[in-house]
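A.B. asks: Chains as they are written, first to last, in the UniProt record's numbering: chain A, 1 to 103; chain B, 1 to 103.
By construction, the Cβ of each residue, glycine as well, lies at the ideal position given by its N, Cα and C atoms.
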DNA sequence: TTAAAATATGCAGATGCCCTAATATATGAG
DNA sequence: CTCATATATTAGGGCATCTGCATATTTTAA
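1) Determine the closest residue to residue 23 of chain A out of A:57, A:42, A:2, A:48, with distance taken between C-alpha atoms.
2) Starting from residue 14 of chain B, follow the beta strand (DSSP E) in both directions and report where the run begins and ends.
3) So, with DSSP's three-state summary, where would you put residue 45 of chain A?
4) Measure the alpha-carbon distance for residue 34 of chain A versus residue 41 of chain B and round it to whole angstroms.
5) Taking 9 Å as the CB-CB limit, is residue 97 of chain A close to chain B?
6) In whole angstroms, what is the alpha-carbon distance linking residue 44 of chain B and residue 87 of chain B?
7) Kindly indicate if chain B contains any beta-carbon less than 9 Å away from that of residue 84 of chain A.
8) Determine, for residue 29 of chain A, whether the minimum Cβ-Cβ distance to residues of chain B falls below 9 Å.
9) Measuring CA to CA, which of A:6, A:28, A:7, A:3 is closest to residue 61 of chain A?
10) Quick check on this structure: which residue in A:67, A:10, A:94 has the alpha carbon closest to the alpha carbon of residue 20 of chain A?
11) Residue 4 of chain B: buried (16+ other C-beta within 10 angstroms of its C-beta) or exposed?
12) Note down the Cα distance separating residue 36 of chain A from residue 76 of chain A, rounded to an integer number of angstroms.
13) In chain B, what lies closer than 7 Å to residue 21 of chain A by C-beta?
14) I'd like to know whether the C-beta of residue 74 of chain B is nearer than 9 Å to at least one C-beta of chain A.
15) Just to check my reading of the structure: residue 30 of chain B and residue 47 of chain B have Cβ atoms closer than 8 Å, yes? What is that Cβ distance to the nearest angstrom?
16) Who does residue 26 of chain A pair with in a DSSP beta bridge?
17) For a contact meaning CB atoms closer than 7 Å, what does residue 87 of chain A contact in chain B?
Below you can see the structure in the form of structure tokens.
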């Protein structure tokens, strides 16, 4: 069964979203943002990551529509913008489910 | 908040699983295997992929414990071996949910 | 044991991602 | 305007992944 162009495009999009999430630092950021929007400083401080590196990851995720942002004065708040990303994180980061299935 | 070693290991494992799934051809294979175990030939025939390439992807997924296999005579049947992988596929490949959120 | 079918492996060029360091830009206070 | 804080961008070396191609291995039948 050869996939149609639309199906291929859809697969590539799904894979692209998963590639964004498939990264330890980005997973940590996403987990943190489950608690609500946060500024860049709050994020890299909480996770003990370099500022520039954190900003890169945030912008990457935003460019892939996984995050959205909102400026308030000198600060920028990031938040999760994709409902499916939340579901994926729950599949992978739920304590009970993961310890048995993934670990 | 610096993560503990155990937390880091867990994140890396979750990310590793996601990396395996984050690939168009592997997603197609996994979707196909949702319908039950299949032989290599059934898979590469159904998906119109090169045999060697398909075998590589299958072995990769098996090495990461995403798939399991069972030999029956000259044929090898592959099946999904990780419940969370199924959940992830559903997050990403469910028709209605995806068109609106990921596409 | 020879042949055919089914599956697996090795290799290699190309591409892309990871992460660090340095630097640039934007915003608001004074 | 100048400074300090907050955020973003650029550059680059190193490493892993992608994927086509050739070939090897395994299994069964004859």
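C.D. replies: Once the coordinates are examined:
1) Checked all of A:57, A:42, A:2, A:48; the closest Cα to residue 23 of chain A is A:57.
2) Where residue 14 of chain B is concerned, there is no enclosing beta strand (DSSP E), although the alpha helix (DSSP H) it sits in stretches over 5-21.
3) Helix.
4) Taking C-alpha positions only, residue 34 of chain A is separated from residue 41 of chain B by approximately 43 Å.
5) Any reading at residue 97 of chain A must be qualified, since the residue scores a pLDDT of 44, below 50, and its modelled position is unreliable; the value itself is stated next. Taking Cβ atoms only, chain B reaches closer than 9 Å to residue 97 of chain A, which makes this a yes.
6) 24 Å
7) yes
8) It does not; no Cβ of chain B falls within 9 Å.
9) Checking every option, the nearest Cα to that of residue 61 of chain A belongs to A:28.
10) Out of A:67, A:10, A:94, A:67 has the C-alpha closest to the C-alpha of residue 20 of chain A.
11) exposed
12) 13 Å
13) 18
14) no
15) Not quite, the Cβ-Cβ distance comes to about 11 Å (not below 8 Å), so this is no contact.
16) DSSP output for residue 26 of chain A lists no bridge partner at all.
17) 91
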